[in-house]
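Down below is the structure, laid out as structure tokens.
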Amino acid sequence: MTQDIVNTATYTELCEAMGADFAAELLDTFLSEGPTMLETLKTAVAKEDADAYRRAAHSMKSNAEIFGATALANLSRQMELTSLSDAPSPIGELETTWSDTETALKALCDE
Amino acid sequence: MNDAPGHVLIVDDNKVNRLLLTRNVEMLGHRVSVAENGRIAMDMLAADRFDILLLDIEMPEMDGFEVLEAIKCMPTLRHLPVIVTSSVEGLDNVVRCIELGAEDYIPKPVNKVLLKARVGASLERKRLQDEQKELLNRFATEEVADQLTESGFAIGGERRIATVLFCDIRDFTAISETMTPEATIDLINTYYTLMFDAVSSQGGIISLMVGDGLMALFGAPNALENSAQCGVSAAQDMLAMTAALNEERAMLSEVPLRIGFGIATGEVVAGYAGTQHRATYTCIGKTVNLAARLEAHTKVAGCEILFDQTTRAGLRDNSKTSEIADVRLKGFADTVNAFTFA
Chain A
345 MTQDIVNTAT
355 YTELCEAMGA
365 DFAAELLDTF
375 LSEGPTMLET
385 LKTAVAKEDA
395 DAYRRAAHSM
405 KSNAEIFGAT
415 ALANLSRQME
425 LTSLSDAPSP
435 IGELETTWSD
445 TETALKALCD
455 E
Chain B
33 MNDAPGHVLI
43 VDDNKVNRLL
53 LTRNVEMLGH
63 RVSVAENGRI
73 AMDMLAADRF
83 DILLLDIEMP
93 EMDGFEVLEA
103 IKCMPTLRHL
113 PVIVTSSVEG
123 LDNVVRCIEL
133 GAEDYIPKPV
143 NKVLLKARVG
153 ASLERKRLQD
163 EQKELLNRFA
173 TEEVADQLTE
183 SGFAIGGERR
193 IATVLFCDIR
203 DFTAISETMT
213 PEATIDLINT
223 YYTLMFDAVS
233 SQGGIISLMV
243 GDGLMALFGA
253 PNALENSAQC
263 GVSAAQDMLA
273 MTAALNEERA
283 MLSEVPLRIG
293 FGIATGEVVA
303 GYAGTQHRAT
313 YTCIGKTVNL
323 AARLEAHTKV
333 AGCEILFDQT
343 TRAGLRDNSK
353 TSEIADVRLK
363 GFADTVNAFT
373 FA
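One line per chain: the protein sequences are A and B, in this order. Position in the first sequence counted from 1, then plus 344, gives you the working numbering. Position in the second sequence counted from 1, then plus 32, gives you the working numbering.
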């Protein structure tokens, strides 16, 4: 893999800035919201709804950045910037990346 | 810097972002309300008072651009500071926010230190603006104050045709010597209240108060169809109110108040004088001097109102005016023709 799944320093900084309890709670929210965002993206692909697709990719990117989920953020950004009608969506790759990210973030939280 | 807490509205469709921003802003000591999209935010802005808006751009139903456009069209909201917090891609989108009136832009993930500085600065500006407006409201009607707020507080003047009115209480020093300090201030306040009512109801503003003397402007900053008539009507209203006040005073065996008015119409330089932080709307020029001299001359002429030729020409009914020709006024090389009511 050419890039890190998660930059652990970002989460450490988040804990320092906001308190470890709050950071853990926020991460919990992200992990439970993530599948919904993936569903929204898949529905948008199926319905060819470019606006919903861009918005969901944007949300995923912005949340991934909060937790230093570099690979997820980069792929989401690419999806946000590429119109649904211009190229096939890498939605399958995003699901895999999400799964890897989820594992890595959960491990981080449990440390 | 004033650290009093503000009421912040956070608008973001994403739950994680809302939680994080809320926590950040609450840690700065401010009160937070949240909205999930622009439409909900607009409803909340209509229902409650906020000091600052933290606005996301990408949102369903009504996005951040649409919110910026909507609030700039609303007189009650157009001065609300908006800080856009977004991870929207492309510099052109950031530029668009600023062009639509956003005060600032903070990229997400939001940096805590940057957020504190931006929110603090925006709140300070908002407070200053509220303070200026409050100050202004003491000198003008709400409509005038709103209009001034609309056109901005730029220091500087413009040439306007306006009517200037001066008035003061005759022999007030002598009257006040027989009164307690409390009663003196009480009387002054009654007089001010009556005068403010008279001036405001004719569309004018009080621009100066010194002791028992007042200067009022008609036709600046807001244009009036007939500033001369408004100025003279205000003086007549004031005289009628003073007569009523004097009836009350007579019953209490107090000496009657006598008031003199000088009114002149013409070109003035009007505008804000002061500093960016404290400014007052005032006007200067020959017309102002003329009104002041005419007011002083009422004592010599033994009448309550004196006005100049231009003011007389503006009156709807000038059949009851009488002329006092060739009056010599201090500071004026030529004699002037003054007018009063017969």
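Glycine included, every Cβ here is placed at the ideal spot set by N, Cα and C. Source: prediction; values computed, not measured.
- The DSSP-derived three-state label of Pro37(B) is coil.
- Burial state of Phe228(B) is buried, judged by a 10 Å Cβ sphere holding 16 or more other Cβ atoms.
- Out of Thr117(B), Leu322(B) and Val264(B), the CA that lies nearest to the CA of Arg348(B) is found in Val264(B).
- If you draw a straight line from the Cα of Glu383(A) to the Cα of Leu87(B), it is about 26 Å long.
- Around Ala266(B), the same chain offers Leu197, Ala230, Val231, Ser233, Gln234, Gly236, Ala248 and Phe250 as residues with beta carbons nearer than 8 Å, after the five sequence neighbours per side are excluded.
- Straight through space, the alpha carbons of Asp366(B) and Leu322(B) are spaced by roughly 12 Å.
- Within the same chain, and ignoring the five residues on either side of Lys450(A) in sequence, the residues whose Cβ sits closer than 8 Å to its Cβ are Leu375.
- If you draw a straight line from the Cα of Val287(B) to the Cα of Leu338(B), it comes to about 24 Å.
- Close CB contacts of Ala333(B) within its chain, under the 8 Å cut and outside five residues either way in sequence, are with Ile356, Val359, Ala370 and Thr372 (chain order).
- When Cβ pairs closer than 8 Å are counted between the two stretches, the region 131-143 of chain B is seen to touch the region 87-105 of chain B, the count reaching three or more.
- Listed along chain A, the residues sitting closer than 9 Å to Asn49(B) by beta-carbon distance are Ser403, Ser406, Asn407 and Ile410.
- Contact note: Asn46(B) reaches chain A through Ser403, Ser406 and Asn407, using a C-beta cutoff of 7 Å and chain order.
- For the pair Ala79(B) and Ile72(B), the Cα-to-Cα distance works out to about 11 Å.
- Under the DSSP assignment, Glu355(B) falls outside any alpha helix (DSSP H), being part of the beta strand (DSSP E) whose first and last residues are Thr353 to Val359.
- Close partners of Glu383(A) in chain B (Cβ separation under 9 Å) are lacking, with about 15 Å as the shortest Cβ gap.
- Against chain B, the beta carbon of Glu446(A) has no neighbour under 9 Å; the closest one sits roughly 14 Å away.
- Beta-bridge partners assigned by DSSP to Ala302(B): Cys315(B).
- Assigned with DSSP and collapsed to three states, Met94(B) falls in coil, not helix or strand.
- For Gly294(B), the closest alpha carbon among the candidates Thr330(B), Lys318(B) and Asn278(B) is that of Thr330(B).
- Looking at the DSSP output, Cys199(B) shares a beta bridge with Leu246(B) and Phe293(B).
- The alpha-carbon of Ala400(A) is positioned some 57 Å away from that of Val301(B).
- For Ala324(B), same chain residues with a beta-carbon under 7 Å away, outside a window of 5 residues either side, are Phe198 and Gly294 in chain order.
- At least one C-beta of chain A is nearer than 8 Å to the C-beta of Glu90(B).
- Beta-bridge pairing by DSSP links Phe339(B) to Ile295(B) and Phe371(B).
- By the C-beta criterion, the region 412-419 of chain A is judged not to be in contact with the region 50-59 of chain B, since fewer than 3 inter-stretch pairs fall below 8 Å.
- Here Asn69(B) is not near Lys140(B), since their CB atoms are 8 Å or more apart.
- As the crow flies, the alpha-carbon of Ala305(B) is around 45 Å from that of Leu52(B).
- Annotation for Arg128(B): no beta strand (DSSP E) segment contains it, though the alpha helix (DSSP H) segment containing it runs Leu123 to Glu131.
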